[in-house]
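Q:
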Ligand code: URA
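Numbering (the working numbering), first residue to last: 1 to 238.
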């Protein structure tokens with residue numbers, strides 16, 4: 001990778017600022033002062049320092065957020081606030097995408113990453129990564145309704161044409177409180193699944209994605225990066 005690109009990515013400075021540091025002889029690669037912006041660095045092996053501090057290259061980033069209500073799961077929106085606005089400016093350099101959007105009114109576990117392969121594995125229904133939601137509902141949910149949700153229901157309204165949902169897991173945790181696990185991510189899917197059996201979702205929170213549960217110490221709007229072990233958890237226990 002070009003040294004100016006490496007420095008801009010790691011430090012968050014513009015390429016023109018980076019060129020200034022280089023001219024000022026503040027950057028060393030493997031001990032030697034380098035002033036050329038086009039100098040090639042090996043991101044895994046070269047030891048790069050700027051102002052005598054070693055710099056470490058992070059290619060991929062995986063962020064877990066406890067999404068609050070009122071924020072769009074979008075990278076940009078003209079009118080509404082987006083989840084990106086909750087992130088520190090440090091993350092601007094990573095060009096993050098959302099691995100499984102949540103509706104504006106839904107809370108809970110949201111993953112953001114710049115790893116396209118990971119993103120695909122989390123969201124594709126083929127990989128059967130189940131997402132667990134807690135839904136507070138209004139209306140009577142009968143045993144027959146639960147069986148219907150578990151087997152697959154036809155969603156008629158919303159953006160998609162008629163669609164039969166894949167098998168879901170349903171667990172009534174209290175009166176009007178249901179956990180539901182689905183491995184698809186159609187627009188408003190959980191709300192529309194409950195609507196199909198005559199119930200209305202009044203509160204929705206995502207609790208987990210695959211084997212990864214929302215960190216209960218994250219307040220709404222807070223986030224943190226995932227550990228490598230947690231990354232592995234996602235595709236387990238689905
Ligand atoms: N299903 C919904 O209806 N909304 C979400 O935000 C996620 C799943």
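Where a beta carbon is used, it is the ideal one built from N, C-alpha and C, also for glycine. Model, not experiment: these values are computed from the prediction.
Would you kindly report the start and end of the unbroken alpha helix (DSSP H) that includes residue 116?
A: Within the chain shown, numbered from 1, the residue matching residue 116 stands at position 116. Residue 116 -> alpha helix (DSSP H) spans 116 to 123.
Q: Per the contact definition of three or more C-beta pairs closer than 8 Å, is the region 60 to 78 in contact with the region 26 to 46?
A: Verdict: no, contact absent.
Q: Applying the criterion that 16 or more other CB atoms from any shown protein chain within 10 Å of the CB defines a buried residue, is residue 78 buried or exposed?
A: Indexing the chain shown from 1 puts residue 78 at position 78. Exposed is the call here.
Q: Under 8 Å Cβ to Cβ from residue 137, same chain only, skipping five residues before and after it: list those, please.
A: Indexing the chain shown from 1 puts residue 137 at position 137. These residues qualify, in order along the chain: 176, 177, 178, 194, 199, 200, 201, 202.
Q: For the alpha helix (DSSP H) that residue 101 lies in, which residues bound it at each end?
A: What you label residue 101 is simply residue 101 of the chain shown in a count that begins at 1. Residue 101 -> no alpha helix (DSSP H), and no H or E assigned at all.
Q: Measuring CA to CA, which of 58, 52, 51 is closest to residue 45?
A: Here residue 45 refers to the residue found at position 45 of the chain shown. For the residues 58, 52, 51, the minimum Cα distance to residue 45 belongs to 58.
Q: Taking the continuous alpha helix (DSSP H) assigned at residue 193, which residues delimit it?
A: Here residue 193 refers to the residue found at position 193 when the chain shown is read from its first residue. It spans 189 to 196 - the alpha helix (DSSP H) in which residue 193 sits, taken as one unbroken run.
Q: Quick check: residue 8 and residue 26, are their CB atoms within less than 7 Å of each other?
A: For the purposes of this step, residue 8 is identified with residue 8 of the chain shown, where counting begins at 1. For the purposes of this step, residue 26 is identified with residue 26 of the chain shown, where counting begins at 1. No; because the gap between Cβ atoms is not below 7 Å, this pair is not in contact.
Q: Given that a residue counts as buried once 16 or more other Cβ atoms are within 10 Å of its Cβ, and exposed if not, what is residue 206?
A: For the purposes of this step, residue 206 is taken as the residue at position 206 of the chain shown. That one is buried.
Q: Need the endpoints of the alpha helix (DSSP H) that residue 144 sits in, please.
A: Locating residue 144 in the chain shown gives position 144, counting from the first residue. Element bounds for residue 144: 143 to 151.
Q: So, at 6 Å on beta carbons, what are the nonlocal neighbours of residue 210 in its own chain, with the 5 sequence-adjacent residues on each side left out?
A: Within the chain shown, residue 210 is the residue found at index 210, counting from 1. Once the five neighbours on either side are set aside, the close Cβ partners of residue 210 are 129, 234, 235, 238.
Q: Once the 5 residues before and after residue 19 are set aside, which same chain residues still bring their CB inside 6 Å of it?
A: Here residue 19 is taken as the residue at index 19 of the chain shown, counted from 1. Taken in chain order, the residues that qualify are 37.
Q: Spell out whether any CB of chain D is found under 7 Å from the CB atom of residue 229.
A: This model lacks chain D altogether; it includes just one protein chain.
Q: Sorry if obvious, but does the Cβ on residue 82 come closer than 6 Å to a heavy atom of the ligand URA?
A: For the purposes of this step, residue 82 is taken as residue 82 along the chain shown, with counting starting at 1. Residue 82 Cβ: outside cutoff for every heavy atom of the ligand URA.
Q: Is residue 102 a contact residue of the ligand URA, with contact defined as CB to any heavy atom under 6 Å?
A: Mapped onto the chain shown, residue 102 falls at position 102. Answer for residue 102: yes, Cβ within range of the ligand URA.
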